[in-house]
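In this note's numbering, the protein residues as written are -19 to 169. Beta carbons: idealized from backbone N, C-alpha and C, even for Gly.
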């Protein structure tokens, strides 16, 4: 993850910049972090998971959003772009533009070599500040160990690790099982 060398800006300044930006950036601690492009494996995993969730979830209960949905982290005054995010209806946004979601219950990140450390540590630390977040799924695109973090209490998370041939895994926050072999079917290691 590359850090911007610019001076710190405010959340309001960030949102103004995003209106005309040609590339997405995340906003953390007053700094901009450019978002990298995605590989074929990354796109396979993101699109398949989106499909499983869209088909498997009741759209009267859940909203499924892909990587262009910005999430507002109020406690840290940060904006991030998860690869996939689900909220319980009604989805709550910071304003009528519906560009910044505030109430995710489930977030998934597909790890890229350039962002793996950030997604597993610093970004997860940011996600932990979201009171509505119940589960965080980490999907590596270059190895066969999946990590699912489940919130037990406010500051307590349970990590469960899965191998790709383990199936199915239960996403309790969504009351949905997912087949890992089907999810990873076209991923090339």
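Close beta carbons around residue i, own chain, < 6 Å, minus the five adjacent residues each side
i	result
residue 21	121, 167
residue 138	130, 132
residue -9	57
residue -6	7
Cβ neighbour criterion (16 or more within 10 Å) applied to residue i
i	result
residue 8	buried
residue 111	exposed
residue 28	buried
residue 2	exposed
residue 99	buried
residue 69	exposed
residue 95	buried
residue 90	buried
residue 35	exposed
residue -13	exposed
residue 161	exposed
residue 45	buried
Where residue i sits in the DSSP three-state scheme
i	result
residue 156	strand
residue 20	helix
residue 30	helix
residue -9	helix
residue 35	helix
residue 140	strand
residue 97	helix
residue 113	coil
residue 105	helix
residue 62	coil
residue 0	helix
residue 161	helix
residue 67	strand
residue 150	strand
residue 5	strand
Counterpart residues of residue i in DSSP-defined beta bridges
i	result
residue 91	120
residue 125	143
residue 166	Residue 166 pairs with nothing; no bridge assigned.
residue 133	136
residue 50	80
residue 41	Paired residue(s): none; residue 41 is not in a bridge.
residue 25	Residue 25 pairs with nothing; no bridge assigned.
Sequence-distant residues of its chain with Cβ nearer than 7 Å to residue i (five each side left out)
i	result
residue 107	87, 113, 116
residue 39	none
residue -11	10
residue 5	12, 13, 14, 15
Residues near residue i by beta carbon distance below 8 Å, same chain, minus five either side
i	result
residue 74	52, 80, 82
(request) Assess, as a yes-or-no matter, whether the stretch 124 to 141 is touched by the stretch -1 to 16 under the definition of 3 or more beta carbon pairs within less than 8 Å. (result) They do not touch, by the three-pair rule.
(request) Answer yes if the stretch 50 to 58 comes into contact with the stretch 66 to 81, meaning at least three C-beta pairs across the two stretches below 8 Å, and no otherwise. (result) These segments touch.
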